[in-house]
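Numbering-wise, the working numbering comes out as the position in the sequence shown, counting from 1, plus 3.
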Amino acid sequence: MWVFLALASALFLGIYEVFKKLSVHKNAVIPVLFVSTLTSSFIFLPITVGSSLYPDFFQRIDLFVPDIKMTDHMLIFLKSMIVVSSWVMAFYAVKNLPMTIVGPIRATGPVWTLLGAIIIFSEHLNAQQWVGVIITLFFFYLLSVAGKSEGINFSANKWVFLIMAGTFLGAVSGLYDKYLMRRVDRMAVQAWFSFYQVAILLPVMVFARWRLPKSERTPFHWRWTIPMIGVFLVIADYLYFNSLSYTDSLVSIVSSLRRGGVVISFVVGALVFKEKNILLKALYLTGIMIGILLISMASH
């Protein structure tokens, strides 16, 4: 069951990535991120309040948010710090890089998650997983070569550095999620995470928007896709946390399947934004996904 939940999460995550690109394209990044996270918190506010007032009803519909200890709040706040840092980096990178470059880089996340899972959760690396890692990194190298033809030098481009750093932090968050699921109720994690991310981003937005004169700020344009970022992320995360809550779930497989959503964003980048070298980058993305699939199958 947890495998199907992870696949469903991948679908919604792919659509989320599309809305993200449409929202930040020629737009101010931090306000877009703040509004999208505010949308998520608005979704969970009535669920959290309702869980206190009508616990039986929300338990029946599997949306009950229980009371948690202060130490649990601290753990969730730490997750929020990690994720918000990853998002800020990723949103800026998505704005300034082609989706057909961002997608394959994001797809390598399970490799870093796997290596962390080996260290933290004692998930052993076998021969097939090694093959998967090598294939993934090989096609990632080919992607970097293809990027140079578009003027994107992977070793010198700051946006590439940001998306790689954001991907790494995303892998850290994935490992930390498995730790949280063993200690804190999954609905409490998702609900309070949505509140804390707003609290973290508010001062970031104030600083980012008002530290510069108005004439130097990137203007913010409202688009209907902005709140959709929050809506689709809530659904994707609900399915994702549900998958991780199964005791027999493997974080390496869940992370790998979840990254399958990159195919959706890649296709949209090719069709909507008319990006370059599509066939070549599609080949490299296929190679990366084959490597990730080998890792997942070996882990299972």
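All C-beta atoms in this analysis are idealised placements derived from N, C-alpha and C, irrespective of residue type, glycine included.
For clarity, every value in this text was computed on a predicted model and none was experimentally measured.
Best match in the options for proximity to residue i [C-alpha to C-alpha]
i    : options               : result
Q193 : V163, V237, V105      : V237
L283 : Y144, F47, L117       : Y144
G177 : R261, T221, R226      : R261
L204 : V32, L242, A168, F22  : V32
R186 : G173, M73, P34, V114  : M73
I138 : F171, D70, T250, A110 : A110
N245 : L297, I79, A285, M190 : M190
I229 : I85, L288, H28        : H28
V52  : P69, G154, W225       : P69
M84  : Y199, M300, S252      : Y199
I166 : G106, I64, L81        : G106
V270 : M4, G17, L10          : G17
L286 : V266, L274, F276      : V266
F37  : I256, I291, F210      : F210
First and last residue of the uninterrupted alpha helix (DSSP H) at residue i
i    : result
G169 : 161-184
P107 : 102-110
K23  : 5-27
A273 : 265-274
Residue i in three-state terms, based on DSSP
i    : result
N129 : coil
S248 : coil
W90  : helix
P69  : coil
Y57  : coil
D75  : helix
R262 : helix
T221 : coil
N280 : coil
P216 : coil
A239 : helix
N30  : coil
S158 : coil
W227 : coil
V187 : coil
The ligand FMN heavy atom lying under 7 Å from the CB of residue i
i    : result
F143 : The ligand FMN is not part of the structure shown, which contains no ligands of any sort.
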